[in-house]
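Residues in the sequence shown are numbered consecutively from 156, following the working numbering. A virtual CB, placed ideally from N, CA and C, is assigned to each residue, including glycine. Values in this document were obtained by computation on a predicted structure and should not be read as measured data. Take a look at the structure set out below.
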Amino acid sequence: MALASKLDHEGVRVYCICGDGELEEGQIWEAAMSASHYKLDNLCVVVDNNNLQIDGQVDKVMNIYPLDKKFKSFGFEVISIDGHDIKQIINAFNKAKTVKGKPTVIIAKTIKGKGVSFMENVADWHGKAPNEEEYKIAMEELQK
Ligand SMILES: [Mg+2]
Numbered sequence: 156m157a158l159a160s161k162l163d164h165e166g167v168r169v170y171c172i173c174g175d176g177e178l179e180e181g182q183i184w185e186a187a188m189s190a191s192h193y194k195l196d197n198l199c200v201v202v203d204n205n206n207l208q209i210d211g212q213v214d215k216v217m218n219i220y221p222l223d224k225k226f227k228s229f230g231f232e233v234i235s236i237d238g239h240d241i242k243q244i245i246n247a248f249n250k251a252k253t254v255k256g257k258p259t260v261i262i263a264k265t266i267k268g269k270g271v272s273f274m275e276n277v278a279d280w281h282g283k284a285p286n287e288e289e290y291k292i293a294m295e296e297l298q299k
């Protein structure tokens with residue numbers, strides 16, 4: 156989409172959100188290499204870096220680190236932020252818009268299930284929904 160927009164001179168910015176476990180897949184790095192090769196400065200990738208995937212800790216399942224150096228070596232502008240800090244998120248998106256000649260990745264360090272005591276940093280919650288009681292507790296905790 157980012158390449159098509161460039162070729163058609165549409166001026167469209169493309170945003171792509173990736174989970175960190177997803178970065179273990181080869182197609183991600185093929186796409187990253189292409190984005191850099193075609194100088195897709197209209198592409199902004201956001202990595203949800205919670206270090207958890209369905210099978211457990213990302214660095215135990217298949218170590219993807221150091222993410223910043225990997226993306227840099229693939230020709231990306233790298234911005235690392237606290238993914239729970241809205242000010243940092245806004246600043247990162249604004250900075251990404253100013254980058255010329257290369258794609259940008261925002262590596263957002265996050266905590267899965269943040270704000271819900273029994274969900275925080277628990278890989279189990281990657282692929283299941285809370286039951287009625289858990290939902291009630293979660294909503295109460297999030298409203299505090
Ligand atoms: Mg993850």
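Enumerate in chain order the residues of its own chain whose CB-to-CB distance from residue i is below 8 Å, with the five nearest sequence positions on each side excluded.
i    : result
I266 : N205, H239, E275 and N276
E296 : G270, V271 and S272
V216 : G176, E179, Q208 and D210
Q243 : I236 and D237
Q212 : N206 and A278
I183 : C173 and E177
E232 : A251, V254, K257, P258, T259 and V260
Enumerate in chain order the residues of its own chain whose CB-to-CB distance from residue i is below 6 Å, with the five nearest sequence positions on each side excluded.
i    : result
E287 : none
G256 : K194 and D196
R168 : N197
W280 : G268 and M274
Y170 : C199
Does DSSP classify residue i as helix, strand or coil?
i    : result
D163 : coil
N246 : helix
L158 : helix
L195 : coil
Just to confirm, does residue i get its C-beta within under 8 Å of one of the non-hydrogen atoms of ligand 3?
i    : result
L207 : The ligand content of the structure shown is limited to ligand 1, which means ligand 3 is not among them.
Closer than 7 Å by C-beta to residue i: which residues in its own chain qualify, once you throw out the five before and the five after it? Chain order, please.
i    : result
M188 : F229
L158 : Y193 and L195
I219 : D175, L178, E179 and V213
Q) Whole alpha helix (DSSP H) runs in the segment 207-238 with 4 or more residues, listed along the chain? A) Assignment of alpha helix (DSSP H) within the segment 207-238, counting only whole runs of 4 or more residues, yields 213-216 and 222-228 in chain order.
(Q) Ignoring anything shorter than 3 residues, give me the beta strand (DSSP E) runs that lie fully in the segment 251-281, in order along the chain. (A) 259-264
Q) Should the segment 236-254 be regarded as contacting the segment 218-226, the criterion being three or more beta carbon pairs within less than 8 Å? A) no
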